[in-house]
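A quick write-up on the structure given underneath.
Protein chains: 2
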Amino acid sequence: MISVVILGAGNVATHLFKAFSASNHTEVIQWYNRSYSAISSFANAVDTTDNISKLKMADIYIMAVSDDSIAQLSKTLPFENRLVAHTSGSVSIHDLDKKNQRAVFYPLQTFSKEAKVNFSEVPICIEVTEKKNLQFMKELAEALGCTPYRITTEQRQTLHLSAVFVNNFTNQLYRIAHEISDAKSINFDILKPLILETAKKVQHMSPYTAQTGPAKRNDKKTIKRHLKQLENEEHKMIYELLTASIKKTHGQR
Amino acid sequence: MISVVILGAGNVATHLFKAFSASNHTEVIQWYNRSYSAISSFANAVDTTDNISKLKMADIYIMAVSDDSIAQLSKTLPFENRLVAHTSGSVSIHDLDKKNQRAVFYPLQTFSKEAKVNFSEVPICIEVTEKKNLQFMKELAEALGCTPYRITTEQRQTLHLSAVFVNNFTNQLYRIAHEISDAKSINFDILKPLILETAKKVQHMSPYTAQTGPAKRNDKKTIKRHLKQLENEEHKMIYELLTASIKKTHGQR
Numbered sequence: 023m024i025s026v027v028i029l030g031a032g033n034v035a036t037h038l039f040k041a042f043s044a045s046n047h048t049e050v051i052q053w054y055n056r057s058y059s060a061i062s063s064f065a066n067a068v069d070t071t072d073n074i075s076k077l078k079m080a081d082i083y084i085m086a087v088s089d090d091s092i093a094q095l096s097k098t099l100p101f102e103n104r105l106v107a108h109t110s111g112s113v114s115i116h117d118l119d120k121k122n123q124r125a126v127f128y129p130l131q132t133f134s135k136e137a138k139v140n141f142s143e144v145p146i147c148i149e150v151t152e153k154k155n156l157q158f159m160k161e162l163a164e165a166l167g168c169t170p171y172r173i174t175t176e177q178r179q180t181l182h183l184s185a186v187f188v189n190n191f192t193n194q195l196y197r198i199a200h201e202i203s204d205a206k207s208i209n210f211d212i213l214k215p216l217i218l219e220t221a222k223k224v225q226h227m228s229p230y231t232a233q234t235g236p237a238k239r240n241d242k243k244t245i246k247r248h249l250k251q252l253e254n255e256e257h258k259m260i261y262e263l264l265t266a267s268i269k270k271t272h273g274q275r
Numbered sequence: 023m024i025s026v027v028i029l030g031a032g033n034v035a036t037h038l039f040k041a042f043s044a045s046n047h048t049e050v051i052q053w054y055n056r057s058y059s060a061i062s063s064f065a066n067a068v069d070t071t072d073n074i075s076k077l078k079m080a081d082i083y084i085m086a087v088s089d090d091s092i093a094q095l096s097k098t099l100p101f102e103n104r105l106v107a108h109t110s111g112s113v114s115i116h117d118l119d120k121k122n123q124r125a126v127f128y129p130l131q132t133f134s135k136e137a138k139v140n141f142s143e144v145p146i147c148i149e150v151t152e153k154k155n156l157q158f159m160k161e162l163a164e165a166l167g168c169t170p171y172r173i174t175t176e177q178r179q180t181l182h183l184s185a186v187f188v189n190n191f192t193n194q195l196y197r198i199a200h201e202i203s204d205a206k207s208i209n210f211d212i213l214k215p216l217i218l219e220t221a222k223k224v225q226h227m228s229p230y231t232a233q234t235g236p237a238k239r240n241d242k243k244t245i246k247r248h249l250k251q252l253e254n255e256e257h258k259m260i261y262e263l264l265t266a267s268i269k270k271t272h273g274q275r
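Just so you know, the sequences run in chain order A and B.
Per the numbering used here, the first sequence starts with residue 23, numbered consecutively.
Per the numbering used here, the second sequence starts with residue 23, numbered consecutively.
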């Protein structure tokens, strides 16, 4: 049984707490947060504390805190030579204080308080400073049913950037479609199967091969009519820029 | 049993042929295409023809042809007062020659030759000129296991535009992420669960509620670093424009 202490109380911390608690191979022996109120509702399920000096001995300390807090919090840890990991997609492993053994445990998935996450489908990006900890980190990911990937800091930062494109930006396109269709009293449900199919398609074919539509065909008439339909200047700009991008990718003028 | 004649041989025509053939409630009695070679491989499965004057009597003629061909092809149909539907997201129902009873049967889904489509999840947008045909059109959609929605021409054109955002533009964001991660030798598989989860999330919550990430948080440090990481000017512009759009949606300066 791997013993885990979780530090932080955001979305990632909360989802990790639940996942590590549910696994038969891991046990959350303590949950620390600077502000006690954020974790007080879990006091019956786990030892909760806001006192950093009272951290228990554990196999790993997982810091799921904001990027800006990682360096400072790792400095204040009241012990040395234990295994400490952060969960950030962008912070260097070297931001962790070197008095401890350092690692990264970055789950590449979108976490919001409202939605449940099926951890068996979450890729975990792993980095270590001491090679001897690599196998342990992989086992920790596998204990949640996750697939571990060993990647470099640069690769992790590129994945974090790529995730903004496929998650935040994609979601904003859904939002714009929601606005456009709402304005004409269209039920957004009609678009949901298309949203899902678009994501499913690239699970087994490349986005390049999966592309269809007026921009790929260079269907100027449709593009012109769409631009005329768009009332919002910002939506027009996004339409033009992404149409140009598709044309370029598919060799249209 | 509803008898169907299909006209056209593109992706939509081919998927509709397969779906109508598979249904117990419909029968494709003929498949017409201007160029015979495109449908010749189906000659054993259905009566195929490139001779418009030899079209058989059927309950409905479904024209799954390019937008620009609809008006002309509907004029050349050698009969009157039968039910003729097109499958376009953008062409007016009035582009169909008025010598026949007119309808629209627009499946809001992405169709490519390579990918199978589960028709039971395809919304069908229906429009008719004669009210008496509405029920028949709904039954035709339901025969494929689809959900029919009666919508106006304007709503259909708005859906077509919205579909470009959630399908073509979203897919281009996947493509950009593929390019960015390929450049650092990252396995694109790592991003696939996130792509799927992002689409799944908005099946049961609004895109507004589902949003996360640096733009929503107005995390200037991360945004700045991401822009620095992007080497391609076009990718930078897309990053900036969509970041500004998210900030605006979520009330950030």
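The beta carbon of each residue, even a glycine, is placed where N, CA and C say it ideally should be.
Keep in mind it's a predicted model, so treat the numbers as computed, not measured.
Practice item. Please state whether DSSP places B/Gln233 in a helix, a strand or coil. Key: coil
Exercise for review: Please look up how many angstroms separate the CB atoms of A/Val106 and A/Met85, rounded, as I've assumed it's under 8 Å.
Suggested key: 7 Å
**Study point:** Under 8 Å by beta carbon: chain A residues contacting B/Tyr230
**Key:** Arg197, His200
**Study point:** Candidates A/Thr36, A/Lys121, A/Ser267, A/Ala205: closest to B/Leu195 by CA position
**Key:** A/Ser267
Practice item. Could you tell me which residues DSSP puts in a beta bridge with A/Tyr171? Key: A/Cys147
**Study point:** Unbroken alpha helix (DSSP H) run spanning B/Val34, endpoints
**Key:** 33-44
Review point. From A/Val126 to A/Val188, what does the alpha carbon distance come to, in whole angstroms?
Key: 22 Å
**Study point:** The alpha helix (DSSP H) enclosing A/Ile217, as first and last residue numbers
**Key:** 214-223
Point to revise | Neighbour list for B/Gly235 in chain A, Cβ cutoff strictly below 9 Å | key: Thr132, Ala185, Val186, Asn189, Asn190, Phe191, Asn193
Exercise for review: Classify B/Ile82 as helix, strand or coil using the three-state DSSP reduction.
Suggested key: strand
Practice item. For B/Gln131, I'd like the list of residues in its chain whose CB is within less than 7 Å of its CB, leaving aside the five on either flank, ordered along the chain. Key: Val139, Val144
Check your understanding: Would A/Tyr171 count as contacting chain B if we go by Cβ distances under 8 Å?
Key -> yes
Practice item. Report yes or no: is there a C-beta of chain A within less than 8 Å of the C-beta of B/Lys115? Key: Before going on, a small fix: residue 115 of chain B reads as Ile here, not Lys. It does not: the Cβ of B/Ile115 has no partner Cβ on chain A nearer than 8 Å.
Review point. Would you call the region 174-193 of chain A and the region 95-115 of chain A in contact, with 3 or more CB pairs under 8 Å?
Key: yes
Review point. Does the Cβ of B/Ile217 have 16 or more other Cβ atoms within 10 Å, making it buried, or fewer, making it exposed?
Key: buried
Review point. Counting Cβ pairs closer than 8 Å, one from the region 49-58 of chain B and one from the region 255-270 of chain A, do we hit at least three?
Key: no
Review point. Pick from A/Gly273, A/Ser59, A/Asp69: whose alpha carbon is nearest that of A/Phe39?
Key: A/Asp69
**Study point:** Supposed close pair A/His100, A/Leu77 - CB separation, criterion 8 Å
**Key:** Residue identity check: residue 100 of chain A is Pro in the sequence provided, not His. A/Pro100 to A/Leu77, Cβ: 7 Å. Contact.
Practice item. Count the other C-beta atoms from every protein chain shown that fall within 10 angstroms of the C-beta of A/His116, then say buried if there are 16 or more, exposed otherwise. Key: exposed
Check your understanding: Who are the neighbours of A/His248 on chain B, taking C-beta pairs under 7 Å?
Key -> Leu183, Val186
Practice item. Assuming B/Val186 and A/Pro215 form a contact by the criterion Cβ under 8 Å, report the distance between their Cβ atoms to the nearest whole angstrom. Key: 16 Å between Cβ atoms; not a contact.
**Study point:** Through-space distance from B/Ala31 to B/Thr98, alpha-carbon basis
**Key:** 17 Å
Point to revise | chain B contact for A/Lys222 (CB, 8 Å cutoff) | key: yes
Point to revise | Contact set for B/Phe42: own chain, Cβ-Cβ below 6 Å, skip 5 residues either direction | key: Val26, Thr48, Val50
Review point. Are the C-beta of B/Thr175 and some C-beta of chain A separated by less than 8 Å?
Key: no
Review point. Can you name, in chain order, every residue of its own chain whose Cβ lies under 8 Å from the Cβ of A/Ser142, other than the five neighbours on each side?
Key: Leu166, Gly167, Cys168
Review point. Going by C-alpha distance, which of A/Met227, A/Ile198, A/Ser203 is nearest A/Glu256?
Key: A/Ile198
Review point. Across which residues does DSSP place A/Gln52 in a beta bridge pair?
Key: A/Val27
Exercise for review: For chain B, find out if any of its Cβ atoms is closer than 8 Å to the Cβ of A/Val87; answer yes or no.
Suggested key: no
**Study point:** The beta strand (DSSP E) enclosing B/Arg124, as first and last residue numbers
**Key:** 123-129
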